[in-house]
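Colleague: Structure below; questions to follow.
Chains as they are written, first to last, in the working numbering: chain A, 1273 to 1522; chain B, 34 to 670.
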């Protein structure tokens, strides 16, 4: 396949970026999207040009590192698929492909396609956990958990923290990410003691990081490579309302 | 080099209790006076950092990722073993201990493995308490599946994402401590050098991968939890950035490196499909619970798989190993796949593949049940290959996956450098010459949650040397060395990229020190590696500067270390003149092609001491004493 790429290049957080055009020839349809970018980078290195910086690691769709807008869609055209698992057979010979970083003020660009997503870590640090020290635990089977609850918790916990939900949202809202953790722990009996404080603290942190508000357009759900349901957002809102009505303080 | 394993005396069931009763403690109010540096934030690193901070120590944790949640532990699919015996099927601590020692082909230390089996049950409890959503039965109780190398069901799992969920559990515990200010987290920060002062590990030098800043960090103890070195083969199931650098740097500063030739080749990975390929993707071993492995009987077969009649198929694992069948251990299943492909019976492009066929299971259980068990794996397979495994058998082939070798540690998980502790895959301790499935997660978390919190206190209470700060000359010296090395990479300005050297080394290692090794292949590699190394240092091309995000520069440092490490790995494989577990020397096999151990001469761990750039490392031995398990020929027939 022969491709025309339009790639966002930005030296660092303090400089202005711009699109640069590149031509790639003889790309195999069996390559992954990142392997195609590897080929581009080898080509750039060959002619003494700075390779394109992008985050990536496991290349099997689970670490959540890869983060790029491909033709205006987070992770590209294939549903429920991270960039590293997207293969070139989903494109056509002669295609133009536009590649950009996540765009959100809470995710500042570090270089080219790599952005800083540590705001997500700070949301988790604010309360996305169960306060249990090592050694506190009882036998795992002393706490039977109905299978549907365990399954629902697992579905919410499948989030890989990539940030596609934020990138897809016109408000750059982190509601789906935050809600997934609140729902995961909220479905489980272990998560109940801190349930209300957790939602207040995590939402407060989310707001202070500069993420936008949720206006229920559900682009986040459509873009999520792990299929996290927007129902979790309803669960977050419900927990938040209960906590507020009960006058619980964070 | 003194190798004192410090295994407590007494009956094996009581060793750990006895040790815990005897080791020195640090008063709760004194713990905050000690600072501990943890390098790595995977299962072992994150669980250690969180647990030590809970105890009151000051912890600094370093990762080269943008967040601690991305470590490669996250990619483990199948599960985690624990001797809970919830299934009432005859499991026990002793049986998990026995299976692990036997699975490792009797090349692991009994005392450490027994402790691992003992604390395995605590891990499950701890993870449940953290909210890890393990699979449950309809009654609400924890579910188990079976895994290779065991005849009991002791594997706990969370769909096909067990590693992810366990890592997120450890990450949540770590995040709680970061939020509380007891752990300082350093992301996008790569360890470049270990600092040793008066024989004690006292700190590290890091490079900030965004600003390029070189920084020193001093502590009272250093913990390395930086994973394995499978990427020495370039193509492996490891993540792209996994590397040997931290343990190699520690080795060059005096830490013994044990059994580097013990590498695991996983039998079920998606076959390679092209020159440009950057990594291999694993298909969980759990698939072998319901999938049947086969190749055509005839090397001239060219029909599509569904057209090949039953009597023209060779279900070679079921034929050769009737009692374990498709659930034979990894080293055995991998070699068997290589053997049938070497006979010309492999399938798919290039003939390096075997079928993993679910049609019988789908017929027996229905597509819905199979989708519930393995749906996400089937989808992943289809995304990568473009083939639907519900209709067409998967094609799989072995791939480098895990490394049993690593830095030598004693019972306290301390290396030969006092104060330097090593956890998880980075150490050599528990898996001998072959690791059983679902045991890596168990070991990483055992080390981090339940071993190091006890044993590090003993070191800190007894023997830490003097307190030093980053103004000590050793730190300045290490920083200068790091700067000089980076400067060299940037000033060579040769013609080849770092990846091209990595690929060349990987191919050489796979062919000559991979699934099968011989004296001739190893000698060949040993004469070729110095040539590649020589060319690397004269002809590598690294652009840009050291003061920015520069992935080529990061990679150059890692490849340079792999080039040195690869040589030691070949020496280790050459001098271990026997076959055992994943180390298969073609000169040493039984009549039916199984690994033939030599307990007379090689019932030991080989521990290498670094002696300088141009001199050969010294091979020391830690003799292995088996007091509770009788050495036997490993059979899965």
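We treat Cβ as the ideally placed atom computed from N, Cα and C, and that holds for glycine.
#1: So, helix, strand or coil for residue 1492 (chain A), using DSSP?
#2: For residue 207 (chain B) and residue 100 (chain B), I'd like the C-alpha separation in whole angstroms.
#3: Of the residues that make up the segment 1400-1423 of chain A, which ones have a beta carbon closer than 7 Å to any beta carbon in chain B?
#4: Classify residue 227 (chain B): buried if its beta carbon has 16 or more other beta carbons within 10 angstroms, exposed otherwise.
#5: I'd like to confirm the pairing. Which residues does DSSP put opposite residue 654 (chain B) in its beta bridges?
#6: By Cβ distance, which residues of its chain are closer than 8 Å to residue 270 (chain B), with the 5 residues on each side in sequence left out?
#7: State the Cα-Cα distance for the pair residue 376 (chain B) and residue 183 (chain B), rounded to the nearest angstrom.
#8: Determine, using beta-carbon pairs with one atom in the segment 1318-1337 of chain A and one in the segment 579-588 of chain B, whether at least three such pairs fall under 8 Å.
#9: Could you tell me the alpha carbon to alpha carbon distance between residue 195 (chain B) and residue 1425 (chain A), rounded to whole angstroms?
#10: With a cut-off of 8 Å on the beta carbons, I'd call residue 1396 (chain A) and residue 1336 (chain A) a contact; round off their distance for me.
#11: Say yes only if the C-beta of residue 164 (chain B) is nearer than 7 Å to one or more non-hydrogen atoms of the ligand SAH, and no if none qualify.
#12: Among B:39, B:36 and B:45, which one has its Cα closest to the Cα of residue 659 (chain B)?
#13: Thinking residue 460 (chain B) and residue 446 (chain B) are a contact (beta carbons under 8 Å), I'd like their distance in whole angstroms, please.
#14: What residues in its chain sit with their C-beta under 6 Å from that of residue 139 (chain B), if we drop five residues either side in the sequence?
#15: Three or more C-beta pairs closer than 8 Å, one from the segment 126-141 of chain B and one from the segment 171-187 of chain B: is that the case here?
#16: Considering residue 224 (chain B), what are the terminal residues of the alpha helix (DSSP H) in which it resides?
#17: Since residue 1302 (chain A) and residue 454 (chain B) should fall inside the 8 Å C-beta cutoff, what is the C-beta to C-beta distance between them, to a whole number of angstroms?
#18: Cβ atoms of residue 1481 (chain A) and residue 1448 (chain A): under 8 Å apart, would you say?
#19: List the residues that DSSP assigns as beta-bridge partners of residue 447 (chain B).
#20: Does the beta carbon of residue 1284 (chain A) come closer than 8 Å to any beta carbon on chain B?
#21: Based on Cα-Cα distance, which residue from A:1445, A:1434, A:1363 and A:1421 lies nearest to residue 1487 (chain A)?
#22: Closest to residue 1332 (chain A) by CA distance: which of B:619, B:62, B:430 and B:414 is it?
#23: Considering only residues of the same chain and omitting the five flanking positions on each side of residue 69 (chain B), which have a CB-CB separation below 6 Å?
#24: Would you please verify whether the beta carbon of residue 1322 (chain A) is less than 8 Å from any beta carbon of chain B?
#25: Output the boundary residues of the alpha helix (DSSP H) element that contains residue 569 (chain B).
#26: According to the neighbour-count rule (16 or more other Cβ atoms, all chains shown, within 10 Å of its Cβ), is residue 345 (chain B) buried or exposed?
#27: Show which residues of chain A have a CB atom less than 7 Å away from the CB atom of residue 192 (chain B).
#28: Quick one: measure Cβ to Cβ for residue 178 (chain B) and residue 112 (chain B), integer angstroms, because I've assumed they're closer than 8 Å.
#29: Determine, using beta carbons only, whether residue 601 (chain B) and residue 257 (chain B) come nearer to each other than 8 Å.
#30: How many whole angstroms separate the CB atoms of residue 1418 (chain A) and residue 173 (chain B), which I take to be in contact at a CB cut-off of 8 Å?
#31: So is residue 1303 (chain A) in contact with chain E if we call contact Cβ pairs under 8 Å?
#32: Against chain B, does residue 1311 (chain A) count as a neighbour if the rule is that its beta carbon must be under 8 Å from one of theirs?
#33: Which ranges would you report for the alpha helix (DSSP H) in the segment 1425-1486 of chain A if only whole runs of at least 4 residues count?
#34: Compare the C-beta of residue 201 (chain B) with all C-beta atoms of chain A and state if any pair is closer than 8 Å.
#35: Can you tell me where the alpha helix (DSSP H) with residue 486 (chain B) in it begins and where it stops?
#36: Is the distance from the Cβ of residue 549 (chain B) to the Cβ of residue 353 (chain B) below 8 Å?
Modeller: Once the coordinates are examined:
#1: Here residue 1492 (chain A) sits in helix by DSSP.
#2: Cα-Cα distance, rounded: 11 Å.
#3: Cβ contacts with chain B: 1400, 1401, 1402, 1403, 1404, 1405, 1406, 1408, 1409, 1410, 1411, 1412, 1413, 1415, 1416, 1417, 1418, 1419 and 1422.
#4: Answer is buried; the Cβ neighbour count reaches 16.
#5: B:639.
#6: Within the same chain, residue 270 (chain B) has close Cβ partners 108, 263, 299, 302, 312, 313, 314, 315, 432, 433 and 434.
#7: A straight line joining the alpha-carbon of residue 376 (chain B) with that of residue 183 (chain B) spans about 29 Å.
#8: They touch, by the three-pair rule.
#9: Distance from the CA of residue 195 (chain B) to the CA of residue 1425 (chain A), rounded to the nearest whole angstrom, comes to 14 Å.
#10: Residue 1336 (chain A) and residue 1396 (chain A) do not touch by the CB rule: their CB atoms are close to 13 Å apart, not below 8 Å.
#11: Ligands displayed in this structure: none; no statement on the ligand SAH is therefore possible.
#12: Residue B:45 holds the alpha-carbon nearest to the alpha-carbon of residue 659 (chain B) among B:39, B:36 and B:45.
#13: Residue 446 (chain B) and residue 460 (chain B) do touch by the CB rule: their CB atoms are close to 7 Å apart, below 8 Å.
#14: If we look at residue 139 (chain B) and ignore the five residues flanking it on each side, its Cβ neighbours are 664.
#15: Between the segment 126-141 of chain B and the segment 171-187 of chain B there are three or more C-beta pairs closer than 8 Å, enough to call the two in contact.
#16: That residue, residue 224 (chain B), is in no alpha helix (DSSP H); its beta strand (DSSP E) goes 222-230.
#17: The Cβ separation is near 44 Å, so there is no contact.
#18: Result no, Cβ atoms of residue 1448 (chain A) and residue 1481 (chain A) do not sit closer than 8 Å.
#19: In the DSSP output, where bridge partners are listed per residue, residue 447 (chain B) has B:454.
#20: Residue 1284 (chain A) has a beta carbon lying within less than 8 Å of a beta carbon in chain B.
#21: Per the Cα distances, A:1445.
#22: The residue from B:619, B:62, B:430 and B:414 with its alpha-carbon nearest to that of residue 1332 (chain A) is B:414.
#23: So the qualifying residues of the chain are 85, 90, 92, 252 and 254.
#24: True, the Cβ-Cβ gap to chain B drops below 8 Å.
#25: Start and end: 552-572.
#26: By the 10 Å Cβ count, residue 345 (chain B) comes out exposed.
#27: Residues of chain A whose Cβ lies closer than 7 Å to the Cβ of residue 192 (chain B) are, in chain order, 1426.
#28: Indeed, because the Cβ distance is near 6 Å, the residues count as touching under 8 Å.
#29: Residue 257 (chain B) is positioned such that its CB atom lies no closer than 8 Å to that of residue 601 (chain B).
#30: Right, the Cβ-Cβ distance comes to about 5 Å (below 8 Å), so this counts as a contact.
#31: Absent from the structure is chain E; the protein chains it does hold are A and B.
#32: Residue 1311 (chain A) counts as touching chain B.
#33: As far as the segment 1425-1486 of chain A is concerned, its whole alpha helix (DSSP H) runs of at least 4 residues are 1436-1440, 1447-1458 and 1467-1480.
#34: With 8 Å as the cut-off, residue 201 (chain B) counts as an interface residue toward chain A.
#35: Residues 485-495.
#36: Not a contact, by the Cβ cut-off of 8 Å.
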